[in-house]
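Structure first, commentary second.
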Amino acid sequence: MITISKLLMIFSAIILLSLMFVPIWNIDLNAPQYPEGIGLRIWISEITGKNEFDLHNINKLNHYIGMKTIEPDDIPELKIMPYIVWGLIILGLISALIKKRTFVLSWIIILLIILSIGLYDFYMWEYDYGHDLDKHAPIKVPGMVYQPPLIGTKQLLNMETTSSPAAGSYLIGLSMLLAVTSYYISGKEK
Amino acid sequence: MKIKIIFALAITVFSSAILYNCSQSNNLGSDDAAKKVYVAPGDKDEFYAFMSGGFSGHVSVYGLPSGRLFKVINVFAQSPETGYGYSEESKGMLQTSLGFIPWDDAHHPELSQTDGVPDGRWLFINANNTPRIARLNLSSFETEEIIEIPNSGGNHGSPFVTENTEYCVASTRFSVPIPNRDVEISSYKENFKGSISFIKVDPKSGKLNLAFQILVPGFNYDLAHAGKGPSKDWCFFTSYNSEQANSLLEINASQNDKDFVAAINWKAAEKFVAEGKGKSMPAEYFSNYFDEEKQQSVSNKKTSVIVLNPKDCPGLIYYLPTPKSPHGVDVDPSGEYIVAGGKLATVIPVHSFSKMIAAIDKKDFIGNIDGIPIIKYESVIAGEVQDPGLGPLHTEFDGKGYAYTSAFISSEIVKWKLGTWEVVDRIPTYYSIGHLMIPGGDSKNPWGKYVIALNKITKDRYLPTGPELTQSAQLIDITGDKMKLLLDFPTIGEPHYAQAIPAEILIKNNKRIYELEKNKNSNAVLSEKNARVERKGKDVHVYMTATRSHFKPDNIEGIKVGDNVYFHITNLEQDWDIPHGFAVKGLRNSELLIMPGQTKTILWKPEQVGIFPFYCSDFCSALHQEMSGYARVSQTSSNVALKFN
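As they're listed, the protein sequences go chains A and B. Note that the first sequence covers residues 17 to 206 in my numbering. Note that the second sequence covers residues -15 to 629 in my numbering.
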């Protein structure tokens, strides 16, 4: 019999499918020369521009400060992450169908661990792009590093840089909420 | 006593000065006018206006109501600023049967129309001197096609479009022997002919194709407009010099009381062509097209044209007698009234389309010329506007039942009512107005908010600039009962005619960049990795990239005196408003201005040995000054190897 808790857990897993279709993180840049804004969208499997040619243009701008070119093909995480998400979906469905509550709990813990690793990894990439600068760069400002914030806004030379979760992150949050609710309800259903 | 007189004189002078100033400021409009034309910083204009650049051969793009100039589109004239007509890719656009003609006299911009309303796809403009019609793309604001008109002595009555842009028309201002040949000029009446051309516009691509020409008596065909609504199958052309004079035309072509408006049924013409009534005649002309993907012009030489003779085609063409050397011919939004500007006439004659059809049915003719029936004036005239000002030339419509006619000699715009033919208002122009323009004012749906006076003479209106003064446009509010002058602004060249369209129609299709992925130019380099220099005999090809803020390669050695050095430069940017320039010291061609994603080629023939710097001539970025390089030129006999980095 399908209980509400099971149904919630199934939804929780299926919601993660949406990560194939929406980005998880935004980095938005504002500068006098870009009245319409320019930005990056980070997906589980790729990095794209907010507008069609933004990635191309951001790389062009970044070369002045000696930042490495952002080449999505060279970032291994973007190749691994889709498998991890599929894994989570399958594990989530299994824990929905198996009667033991602890499976749901373990799934929540695994998700939390993966999220923490993901955020840390993202931070390290930002750190690397922001600090590992070409020493021959045309623009060198003593003491200046160009690491965007993890969440929030920071002025980097002429660029007001805002980093924030995108729709994908909110959907992960919803998935988590449903899983926790499922775990809570399943305790009462007994 | 003396003191009193001087005192009185002083008061008189002083008070007249005040009065003069008052009348001046009334003339110039009030604060209210300033508000109406003020477009605040960062705000955008309501209309795009396209003005002919006259003898500059270009088209200028203005905003209304501010009168601000945004762009000059290169059409019939070379432009060393952009490289248009100099670059290897664009040179072909100016090719004609008379060779490379890098200038012209542009007159009448005409927006493409759908159902009689400007649709914002293309702008057409005629070259008056070496007969041509250009088609401009209103997404890129660039010239996309130029077609030459054969059998024409001067393409003035052009390039007006039919209701759904089926055709652009072209009538010859100067009659010439057809085909052109060596004859005595005094044999005019016997040997000289006029031609009226119909250029088919492909509804999808806009490509132009000379469908057929109609051979007409040797008058001077001046202007044209297509019918609309009930008259949509017809086009109307004015003519003067029905005297067929060939010398001192100002006297000899002004003798007849009436000349003619030629009414041509283009649907019937299509039928006659389909029936094989047309004769194929040898005629050399060029059709030049700019392929946007290849960024390359393609010139095709054509060798024949289909010609219809009115004698073989009854019902094709009629003459409507029209007073005194008519200039403009304009059809009102309903398509019923055909207004002719008899420039030496004391009235504005308005013909009726329905009366014309009735007269044709009744064969109400007073004669014929070379097989063209002449309809009786009284049978076709709808009314005459009395006291319309001196030298009436052109008429536009506001869509609210009024017509606005420019009067060159009395330098004014005269507003009159369709149907009653009474003059209701007039406003002076400064000075000597030629055309006038209401946004959509020659269409079925005028946006009747402003009329623009396009003036030939400015005299004291602006700060003086020596003997040569600017021509001007004047923006006049026509929303009230009284016309009200709002703004004067200078124009590029002589702004013969103009067209305007609501900005939002064009903005949504505006092109921002050329996509590198779609760049099919055979000399494009889409990545710095492929930048290189190759020698093929005396030709040196530099396949160069430009991006913020460097060229690749930027050091080139092994060029020799006598080489043909082709710089093929691709702008690798994909960001709006980041063009790069390219300039070489002593380049006897032109500089280049290359838009994002575009490839342009310029030929350099070095004649001296030495080191020649090149650099970006458009301030592109913070390190624009560093965007430069060197070309080394060696003796013809030297053995310096080709080298680049």
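Note that beta-carbon positions come from the ideal geometry of N, C-alpha and C, so glycine has one too.
If you follow the beta strand (DSSP E) that A:Glu68 is in, where does it begin and where does it stop?
Premise fails: A:Glu68 is in no beta strand (DSSP E) and is neither H nor E.
Quick one: Cα of B:Ile422 to Cα of B:Ile133, how far?
29 Å
Less than 6 Å between C-beta atoms, sequence neighbours within five positions excluded: which residues of the same chain meet that for B:Trp218?
Gly211, Ala247, Asn249
Under the rule that 16 or more other beta-carbon atoms within 10 Å means buried, what is B:His140, buried or exposed?
Classification for B:His140: buried.
Is the separation between the beta-carbon of B:Asp461 and that of B:Phe381 shorter than 8 Å?
no
Pull up the distance between the alpha-carbon of B:Gly424 and that of B:Ile485, whole angstroms please.
So the alpha carbons of these two residues sit roughly 7 Å apart.
For A:Val14, which residues of its own chain have a beta-carbon under 8 Å away from its beta-carbon, when the five flanking residues on both sides are left out?
Here chain A comprises residues numbered 17 to 206, so residue 14 of chain A is not present and cannot be evaluated.
Return no unless some Cβ of chain B is closer than 8 Å to the Cβ of A:Asn46.
no
Own chain, CB closer than 6 Å to B:Lys627, minus 5 neighbours either side, in chain order:
So the qualifying residues of the chain are Glu541, Gly542.
My output table needs one value for B:His608: the three-state DSSP class, helix, strand or coil.
B:His608 falls in the helix class under three-state DSSP.
Locate the alpha helix (DSSP H) running through B:Lys251, then write down its first and last residues.
250 to 258
Kindly indicate which three-state DSSP category B:Ser189 falls into: helix, strand or coil?
Correct three-state label for B:Ser189: coil.
Interface residues of the region 76 to 100 of chain A facing chain B [CB-CB below 9 Å]:
Lys76, Leu77, His79, Tyr80
Kindly indicate which residue of B:Tyr446, B:Phe566, B:Thr585, B:Ile586 has the alpha-carbon position closest to the one of B:Thr475.
B:Tyr446
For B:Tyr22, count neighbouring C-beta atoms within 10 Å of its own C-beta (all shown protein chains included) and say buried if the count is 16 or more, exposed if not.
exposed
Delimiting residues of the alpha helix (DSSP H) encompassing A:Met25:
20 to 31
Partners in chain B for A:His72, counting only beta-carbon separations shorter than 7 Å
Within 7 Å Cβ-Cβ: Gln558.
To the nearest angstrom, report how far apart A:Asp148 and B:Ser271 are at their CA atoms.
The alpha-carbon atoms of A:Asp148 and B:Ser271 are separated by roughly 56 Å.
Skipping 5 residues on each side, what residues in its chain have a beta carbon closer than 7 Å to that of B:Arg119?
Trp106, Phe108, Glu128, Glu129, Gly190, Leu192
Do B:Ser223 and B:Tyr205 count as a contact pair if the criterion is CB distance below 8 Å?
yes
Taking C-beta to C-beta, are B:Ser309 and B:Asp371 nearer than 8 Å?
no
Locate the alpha helix (DSSP H) running through B:Val517, then write down its first and last residues.
B:Val517 -> not in any alpha helix (DSSP H); beta strand (DSSP E) instead, spanning 516 to 520.
Is the CB-CB distance between B:His335 and B:Leu292 below 8 Å?
no
State the beta-bridge partners of B:Arg119 as determined by DSSP.
B:Phe108, B:Glu129
By Cβ distance, which residues of its chain are closer than 6 Å to A:Ser34, with the 5 residues on each side in sequence left out?
Leu187
Give the DSSP-derived three-state secondary structure of B:Glu227 in the structure shown.
In this structure, B:Glu227 counts as coil in the three-state DSSP scheme.
Nearest residue (CA-CA) to B:Asp99, options B:Val593, B:Pro430, B:Tyr481:
B:Pro430
Would you identify the three-state DSSP class for B:Asp99, choosing helix, strand or coil?
coil
Kindly indicate if chain B contains any beta-carbon less than 8 Å away from that of A:Pro154.
yes
Am I right that B:Ala515 and B:Lys495 are in contact with their C-beta atoms under 8 Å? What's the rounded C-beta distance?
Rounded, the Cβ-Cβ distance is 26 Å, inconsistent with contact.
Can you check whether the CB of B:Thr149 is closer than 8 Å to the CB of B:Gln79?
B:Gln79 is not a Cβ neighbour of B:Thr149, given a cutoff of 8 Å.
Rounded Cβ spacing between B:Ile341 and B:Tyr302 (contact assumed at less than 8 Å)
With a Cβ gap of about 10 Å, B:Ile341 and B:Tyr302 do not count as contacting.
With distance defined between alpha-carbon atoms, name the residue in A:Ile26, A:Ser21, A:Asn42 nearest to A:Thr169.
A:Asn42
Strand pairing of A:Phe37, partner residues [DSSP]:
BP columns for A:Phe37 are empty, so no partner.
Starting from the C-beta of B:Ala602, find all residues in its chain whose C-beta is less than 7 Å away, skip the five residues before and the five after it, and write them out in chain order.
The amino acid at residue 602 of chain B is misidentified as Ala; the sequence shows Asp. Pro563, His564, Gly565, Leu577.
Report yes if the CB atom of B:Leu233 is closer than 8 Å to the CB atom of B:Asn240, and no otherwise.
No Cβ-Cβ contact shorter than 8 Å links B:Leu233 with B:Asn240.
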